[in-house]
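Protein chains in written order, with our numbering: chain A, 1 to 224; chain B, 1 to 224.
By construction, the Cβ of each residue, glycine as well, lies at the ideal position given by its N, Cα and C atoms.
Below: the structure, in structure tokens.
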């Protein structure tokens with residue numbers, strides 16, 4: 001009974017050209033950059049708060065916040081003493097490389113160790129837009145269902161790491177952590193996986209350890 | 001510090017023309033059609049399961065499922081004896097009116113009382129695409145944060161009703177039901193609101209009562 005309808009994917013050539021320019025800038029600065037992606041409300045900003053709180057005494061961190069409307073996320077981050085820029089897309093459903101390039105004009109990258117780009121909450125469109133980052137990280141919350149990797153495969157295909165957030169809610173929801181990992185591995189066998197609770201702090205150390213490795217790699221000029 | 005960057009919205013003229021054709025078909029059939037929207041994992045399909053279980057002995061219901069990949073949702077719905085068509089967008093982040101028009105070619109609408117279109121999980125793009133439906137209904141889950149209406153205002157502006165799902169999880173999450181309602185009303189004062197748990201069944205009767213009113217209006221030929 002199911003009918004399959006194909007929708008053509010846009011060619012993203014111009015975006016990819018600008019992303020390559022951004023990537024060259026980041027490489028010259030030996031700066032580790034990651035692009036944080038998820039559904040609305042999975043806890044991207046909470047993860048950033050936990051991450052910055054854990055790492056900012058040791059590393060210089062900058063943040064670019066992307067939202068459809070409001071600077072609520074930038075306000076949450078600005079309580080830390082880190083530079084933060086809010087991009088408001090005014091209805092746009094994803095960040096594009098040129099928006100990042102424009103934002104960089106307002107950023108002093110010298111001396112930064114890590115730049116975090118928090119994308120618009122959307123599991124579909126942002127997966128198609130390279131911003132010049134070294135890694136894409138997808139957050140999935142235990143309240144969303146363990147079928148998300150197979151329903152939104154491109155996001156999990158392009159990501160280097162998956163952070164399973166709200167692990168403290170597992171007793172109250174129908175979510176099988178082993179199943180989400182298996183589903184994610186079926187799409188991307190290389191995916192790094194972390195289980196965290198931004199409420200209790202569980203698992204944040206392990207996640208920050210991975211970021212520290214990536215920062216060290218970028219400093220050493222290792223290919224990203 | 002925040003920089004505001006504007007991304008132009010596409011003109012959606014052709015989509016709106018086809019949506020008007022769909023709407024005329026639905027009106028001729030005196031059929032109530034609603035478009036169900038939310039983030040991934042908010043519980044759209046669970047709400048459909050509860051709704052169909054409650055209503056299918058009294059009403060003839062059809063379902064169109066939209067997903068980026070997989071027919072998992074159509075499989076869940078097909079356990080009921082209702083016609084269901086799965087549209088797979090193959091990476092497309094929203095349904096468009098022409099996809100619905102194509103799907104209708106495979107649907108016998110005569111005798112149907114209600115057609116439910118479950119959109120792709122995405123709080124941004126689907127809000128811009130009229131499919132010809134009478135009403136848009138947005139589901140927001142208590143695990144997503146009560147700031148969603150102000151962060152994704154267009155979705156709440158175009159919706160007629162908001163269903164707050166996973167109300168059973170309120171004791172375990174930081175979510176203020178009064179705040180999400182206030183935020184939603186600040187965007188759209190006319191919004192109908194329902195609090196439900198698809199796990200316990202709480203609130204489903206009230207939600208189904210609203211649907212029954214809408215079905216009766218469509219039957220009577222009231223303007224939609």
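Going by C-alpha to C-alpha distance, which of the options sits closest to residue i?
i              : options                           : result
residue 18(A)  : 189(A), 186(A), 131(A) and 215(A) : 131(A)
residue 126(B) : 107(B), 103(B) and 156(B)         : 156(B)
residue 96(B)  : 158(B), 28(B), 183(B) and 128(B)  : 128(B)
residue 210(B) : 107(B), 43(B), 55(B) and 69(B)    : 55(B)
residue 214(B) : 42(B), 113(B) and 87(B)           : 113(B)
residue 43(B)  : 79(B), 196(B), 94(B) and 106(B)   : 196(B)
residue 98(A)  : 26(A), 14(A), 173(A) and 25(A)    : 14(A)
residue 175(B) : 160(A), 174(A) and 199(A)         : 199(A)
residue 34(B)  : 118(B), 166(B), 46(B) and 28(B)   : 118(B)
residue 158(B) : 165(B), 189(B), 147(B) and 181(B) : 189(B)
residue 21(B)  : 100(B), 62(B), 80(B) and 46(B)    : 100(B)
residue 161(B) : 110(B), 206(B) and 88(B)          : 206(B)
residue 107(A) : 146(A), 62(A), 144(A) and 40(A)   : 62(A)
residue 59(A)  : 104(A), 116(A) and 193(A)         : 116(A)
residue 142(B) : 153(B), 122(B) and 164(B)         : 164(B)
residue 166(A) : 186(B), 148(B), 212(B) and 144(B) : 144(B)
How would you list, in chain order, the residues of chain A whose beta-carbon sits under 7 Å from the beta-carbon of residue i?
i              : result
residue 147(B) : 72
residue 22(B)  : Residues of chain A passing the Cβ test: none, with the nearest at roughly 15 Å.
residue 141(B) : 143
For residue i, which residues in chain B fall below 9 Å Cβ to Cβ?
i             : result
residue 39(A) : 39, 40, 41, 42, 121, 122, 123 and 144
residue 82(A) : In chain order: nothing, as chain B lies at least about 11 Å away.
Does DSSP classify residue i as helix, strand or coil?
i              : result
residue 159(A) : coil
residue 212(B) : helix
residue 127(B) : helix
residue 28(B)  : helix
residue 180(A) : helix
residue 9(A)   : For residue 9(A), the predicted model reports a pLDDT of 39, less than 50, meaning its position is unreliable; a value from the coordinates is still stated below. It is coil, neither helix nor strand.
residue 148(B) : helix
residue 141(A) : strand
residue 69(B)  : coil
residue 1(A)   : In this prediction, residue 1(A) has a pLDDT of 40, which is less than 50 and means its spatial position is unreliable; nothing more can be read from the coordinates.
residue 63(B)  : strand
residue 170(A) : helix
residue 205(B) : helix
residue 105(A) : coil
Using a cut-off of 8 Å between C-beta atoms, extract the partners of residue i located in chain B.
i              : result
residue 196(A) : What residue 196(A) touches in chain B: nothing, since even the nearest Cβ is about 15 Å away.
residue 150(A) : 69, 70 and 72
In the DSSP output, which residue or residues are listed as bridge partners for residue i?
i              : result
residue 35(A)  : 117(A) and 136(A)
residue 193(A) : 162(A)
residue 220(B) : Bridge partners of residue 220(B): none, in fact.
residue 85(B)  : 64(B)
Under 9 Å Cβ-Cβ, which residues of chain A neighbour residue i?
i              : result
residue 154(B) : 68, 69 and 91
*Closer than 7 Å, Cβ to any Cβ of chain B: which residues of the segment 56-72 of chain A, in chain order?*
67, 68, 69, 70, 71 and 72
Worksheet item: What residues in the segment 161-177 of chain A bring their beta carbon closer than 9 Å to a beta carbon of chain B?
Response: 166, 168, 169, 171, 172, 173 and 174
Positions along the segment 84-101 of chain B whose CB lies within less than 7 Å of some CB in chain A: Residues of the segment 84-101 of chain B with a Cβ closer than 7 Å to any Cβ of chain A, in chain order: 84, 85, 86, 87, 88, 89, 90, 91, 92, 93 and 99.
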